[in-house]
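To keep things clear, I will list the structure first and then write my remarks on it.
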Amino acid sequence: MQFWPLMKNTFLLCIIGFVIGFPLPIIISLMLNAMKSKKMSKVLQTIFNGPHFISLVVLVGMLTLFFGRYGLVNNIAAHFGGERVSYFLESSAFRPLYILSSNWQDFGWSAIIYIAALSNVDLGQHEAAILDGASRFQRVIHVDLPAIMPMISVMLIMSIGGLMGVGYEKALLMQTDGNLGVSELIATYVYKQGLTGVPNQSYATAIGLFNSVINVVLLIIANTTSKKFSENSLW
Amino acid sequence: MASLTLKDIKKVYPNSEEKKSKKKKKGDEPEKQKANLQITEEGVVAVQQFSLDIADKEFIVLVGPSGCGKSTTLRMIAGLEEISSGELYIGDRLVNDVAPKDRDIAMVFQSYALYPHMTVYDNMAFSLKLKKTPKAEIDKKVREAAEILDITQYLDRKPKALSGGQRQRVAIGRAIVREPKVLLMDEPLSNLDAKLRNQMRAEIIKLRQKINTTFIYVTHDQTEAMTLGDRIVIMRDGFIQQIGTPQEVFNHPINLFVAGFIGTPQMNFFENCALTVDGGKYSVEVLGKKIALTDGQNKALAAKGQKACSVTLGIRPVHMQLDEGGFTGKIDVSEMMGSELHLHMNVQGNDVVAVIPTAGLDVSAHSIGKSVNFSFNPALAHLFGADGKNLL
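As you go down the protein sequences, you meet chains W and Y in turn. Start counting the first sequence at 71; every next residue gets the next number (this note's numbering). Start counting the second sequence at 8; every next residue gets the next number (this note's numbering).
Next comes the structure, spelled out in structure tokens:
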């Protein structure tokens, strides 16, 4: 496979995943923190953490059960007169399925760090804001969000630094001949080159190293930018 | 500016359903006392029977030990805590169910509670912005308040770039820009060091002269209470013990608790003193010496029809003097405070403290282990009955 399609597939999957996946735990943690019923908040937090413990094989199995040709979604569509679609053979379905399932699996787990940061917010600031006349939403914007901003900055730098570090396992499990054009990533290509068929390990190592160099460059750019525009950075 | 009326205010923190069911299963007694908290079937009672009229522009100080309910009372006035029962009026308006922002009050917190991402200017302007006050008016009010508090030069700084005292000024500034009818202060000086605390105390006294508003100030520091308040409300275990001017609570403490709480060093107490009456003249026996009470004290006791009984005699350390003909004590600790000497003595097994002016005193003659003779003026003594109430 050519370099640029591999690069494009990896980059697009990571960027879209990052754009959707990075703010999601922040929003969830702010919502859970703002809930009046702390009991309900804890119950929801536990429910949201559940998917993190599902193994990738089981997760892809679930996706097959739901989105396979004879899966739940197709059965419902067929019941209402729709046509059955083989989502796993469709190139256009690979990225949405991959990204949404990843986010579903990890948003609760990723929210833990923000929930922990929110638990340290000075209650006095909230009370001062109440007396100042701030609504619940205004308190989230003016008290909670600034309080977790250093944590958001650190997480942002780390996420950008690992942007191209997508794993090969899930993509391989979801890969079919139909979606190979978009599901072949740098990681899956390295795996195939290095460990399957006639192994070409030096070539695979070189590609892997190239990927790591990109990650390091991204990390440095993110850290420098954060240092310049906010007061938070990793070093 | 506004007067405040608190009528029989009560605050109960309800038990959780889980605790209630546990209690039912165990068949606990309906009421019990845990540390200084009263626990009933309803829950933990933090404040009760709190009735107080606060005049317009008055400076009221709520003082008491930790857990006495003073901060809870303040938070009920602010609307941050629900009032379990009773009525709270600000001016003529019943505000029990009015949202905090609509009560026309402002509060200064112990932790300053400044928004760390905003500059001093923005912190002070925040409430006015939320009220959609015109920009020019916000600017005028913020700069006026900054001028009063001498923080104009810090308006562009963020709170983390300020010292504790400066932050506290900003917190006060944020409260006064709103021109509240009532300004609430919850231990605003507790986070400051002793020197800064004294400085800020003086600043608050000055501030009071500059802004016309009613102040309610919570502290556990009796020096703050005595120096700042027009009237002091002394609380214990959720109940008001005494309301009065600083002089009243110092000179005429209503009970043993108030007598012991107000005044530094604490009042000396001599327990189990025999109060006797002979021909209308009362006398009290302290550490084996019979002391005749003054005419005024005789009249007060006679008016109450006081009979001979066992009493606790209280005398403030500042009302004691060195006197060769008085009681003899052995000095355990001698604290040189500059203008005065604090002598901690053991007198027949009782711990007694005396504050002696150092002017003309040979301080070296009053070191640890030495004996000293002292006496006190009976006119300045307090007598407390078995129920702890002041008999005079």
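The C-beta atom is built at its ideal place from N, Cα and C for all residues, glycine as well.
Please return the same chain residues whose Cβ sits closer than 6 Å to the Cβ of residue i, not counting the five positions on each side in sequence.
i: Ile-155 of chain Y; result: Lys-217
i: Ala-309 of chain W; result: Outside the shown range of chain W (71 to 305) lies residue 309 of chain W, about which nothing can therefore be said.
i: Ala-113 of chain Y; result: Ala-182, Arg-185, Pro-187, Leu-190
i: Val-115 of chain Y; result: Ala-178, Ile-179, Ala-182, Met-192, Pro-195
i: Thr-159 of chain Y; result: Ala-153
i: Ser-300 of chain W; result: Ser-223
i: Lys-297 of chain Y; result: Ser-290
i: Lys-396 of chain Y; result: Asn-262
i: Leu-304 of chain W; result: Ile-227, Asn-293
Start and end of the beta strand (DSSP E) containing residue i?
i: Arg-206 of chain W; result: Per DSSP, Arg-206 of chain W belongs to no beta strand (DSSP E); it is in the alpha helix (DSSP H), 206-209.
i: His-351 of chain Y; result: 347-354
i: Asn-285 of chain W; result: Where Asn-285 of chain W is concerned, there is no enclosing beta strand (DSSP E), although the alpha helix (DSSP H) it sits in stretches over 271-299.
i: Asp-285 of chain Y; result: 275-285
i: Gly-171 of chain Y; result: Not the beta strand (DSSP E): Gly-171 of chain Y falls in the alpha helix (DSSP H), residues 171-183.
i: Asn-364 of chain Y; result: According to the sequence shown, residue 364 of chain Y is Pro rather than Asn. Taken as a continuous stretch (DSSP letters only), the beta strand (DSSP E) holding Pro-364 of chain Y covers 357-364.
i: Thr-221 of chain Y; result: 221-226
i: Ala-53 of chain Y; result: 50-61
i: Val-379 of chain Y; result: 378-383
i: Asp-146 of chain Y; result: Careful: Asp-146 of chain Y lies outside any beta strand (DSSP E), inside the alpha helix (DSSP H) at 142-156.
i: Gln-160 of chain Y; result: Premise fails: Gln-160 of chain Y is in no beta strand (DSSP E) and is neither H nor E.
i: Val-268 of chain W; result: Looking at the DSSP string, Val-268 of chain W is not in any beta strand (DSSP E), and its letter there is neither H nor E.
i: Leu-191 of chain Y; result: 189-193
In chain order, what residues of the same chain lie with their CB nearer than 7 Å to the CB of residue i, ignoring the 5 residues before and after it?
i: His-373 of chain Y; result: Ile-338, Ser-341, Leu-348, Leu-350, Val-379
i: Glu-88 of chain Y; result: Lys-18, Thr-79, Arg-82
i: Ser-99 of chain W; result: Ala-181, Tyr-184, Ile-185, Leu-188
i: Cys-84 of chain W; result: Leu-233, Met-234, Val-236
i: Val-191 of chain W; result: Val-213, Asp-214, Ala-217
i: Val-130 of chain W; result: Lys-240, Leu-243, Met-244
i: Arg-206 of chain W; result: Ala-104
i: Ser-73 of chain Y; result: His-227
i: Gly-171 of chain Y; result: Asn-198, Leu-199, Leu-203
i: Arg-215 of chain Y; result: Phe-66, Phe-222
i: Ala-204 of chain W; result: His-212
Quick one: give me the first and last residue of the alpha helix (DSSP H) that residue i is part of.
i: Lys-108 of chain W; result: 108-119
i: Glu-210 of chain Y; result: 201-217
i: Met-242 of chain Y; result: Taken as a continuous stretch (DSSP letters only), Met-242 of chain Y belongs to no alpha helix (DSSP H), being part of the beta strand (DSSP E) at 238-243.
i: Asp-15 of chain Y; result: Run containing Asp-15 of chain Y: none in the alpha helix (DSSP H); it sits in the beta strand (DSSP E), 11-21.
i: Thr-234 of chain Y; result: 229-235
i: Gly-87 of chain W; result: 73-91
i: Gly-392 of chain Y; result: Gly-392 of chain Y -> no alpha helix (DSSP H), and no H or E assigned at all.
i: Val-68 of chain Y; result: Segment 66-70 is the beta strand (DSSP E) holding Val-68 of chain Y; no alpha helix (DSSP H) there.
i: Leu-400 of chain Y; result: In the structure as shown, chain Y starts at 8 and stops at 399, and residue 400 of chain Y therefore has no counterpart that could be examined.
i: Phe-246 of chain Y; result: From DSSP, Phe-246 of chain Y is part of no alpha helix (DSSP H) but of the beta strand (DSSP E) over 246-251.
i: Val-5 of chain Y; result: Here chain Y covers residues 8 to 399 and nothing more, so residue 5 of chain Y does not appear.
i: Leu-250 of chain W; result: 250-253
Between which residues of its own chain and residue i is the CB-CB distance below 8 Å, once the five residues before and five after are set aside?
i: Lys-311 of chain Y; result: Leu-398
i: Pro-272 of chain Y; result: Pro-324, His-349, Val-360, Val-362
i: Ala-315 of chain Y; result: Ala-281, Leu-282, Thr-283, Val-284
i: Leu-294 of chain Y; result: Phe-277, Phe-334, Val-354, Gln-355, Asn-357
i: Met-221 of chain W; result: Ile-183, Tyr-184, Ala-187
By the 7 Å beta-carbon criterion, what residues does the segment 119-135 of chain Y contribute toward chain W? Listed by position along the chain: Ala-120, Tyr-122, Pro-123, His-124, Phe-133, Ser-134.
Report the residues of the segment 179-198 of chain W with a CB closer than 8 Å to any CB of chain Y, ordered along the chain. Asp-192, Gly-194, Gln-195, Glu-197, Ala-198
Give, in chain order, every residue of the segment 103-116 of chain Y whose Cβ lies closer than 8 Å to some Cβ of chain W. Pro-107, Lys-108, Ile-112, Ala-113, Met-114, Phe-116
Contact set between the segment 134-148 of chain Y and chain W, restricted to residues whose Cβ is under 8 Å from the partner: If the cut-off is 8 Å between Cβ atoms, the segment 134-148 of chain Y has Ser-134, Leu-137, Lys-138 near chain W.
Under 7 Å (Cβ pairs) to chain W, residues found in the segment 76-99 of chain Y: Ala-85, Leu-87
Do three or more CB pairs link the segment 144-152 of chain W to the segment 226-242 of chain W at distances below 8 Å? no
Every unbroken alpha helix (DSSP H) within the segment 275-342 of chain Y, with a cutoff of 4 residues, ordered by chain: Listed in chain order, they are 302-311.
Report the start-end ranges of each beta strand (DSSP E) in the segment 82-130 of chain Y that is 3 residues or longer and not cut off at the edges. 92-97, 112-115
Going along the chain, which unbroken runs of the alpha helix (DSSP H) with 4 or more residues stay wholly within the segment 202-243 of chain W? Qualifying alpha helix (DSSP H) stretches, in chain order: 206-209, 215-231.
Any chance the segment 191-199 of chain Y sits against the segment 218-233 of chain Y, with 3 or more Cβ pairs inside 8 Å? yes
Are three or more beta carbon pairs between the segment 171-184 of chain W and the segment 93-106 of chain W nearer than 8 Å? Contact between the segment 171-184 of chain W and the segment 93-106 of chain W is established, with three or more Cβ pairs separated by less than 8 Å.
Every unbroken beta strand (DSSP E) inside the segment 130-190 of chain W [3 residues or more]: none
For the 8 Å Cβ check, are there 3 or more pairs between the segment 119-128 of chain Y and the segment 189-203 of chain W? They touch, by the three-pair rule.
Should the segment 133-141 of chain Y be regarded as contacting the segment 208-223 of chain Y, the criterion being three or more beta carbon pairs within less than 8 Å? no
Spell out a yes or no on whether the segment 140-151 of chain Y and the segment 207-220 of chain W are touching, meaning 3 or more CB-CB pairs, one atom from each, closer than 8 Å. Too few Cβ pairs lie closer than 8 Å, so no.
Cβ contact (3+ pairs, closer than 8 Å) linking the segment 60-79 of chain Y and the segment 284-300 of chain W: With a cut-off of 8 Å, the segment 284-300 of chain W and the segment 60-79 of chain Y do not count as touching, because too few Cβ pairs lie within range.
When the Cβ atoms of the segment 251-260 of chain Y are set against those of the segment 90-102 of chain Y, are three or more pairs found closer than 8 Å? no
For the segment 285-299 of chain W, enumerate the residues whose C-beta is nearer than 9 Å to any C-beta of chain Y, in chain order. Of all residues in the segment 285-299 of chain W, none has a Cβ within less than 9 Å of some Cβ in chain Y.
Counting only Cβ-Cβ distances shorter than 9 Å, please list the residues of the segment 101-117 of chain W near chain Y, keeping chain order. none
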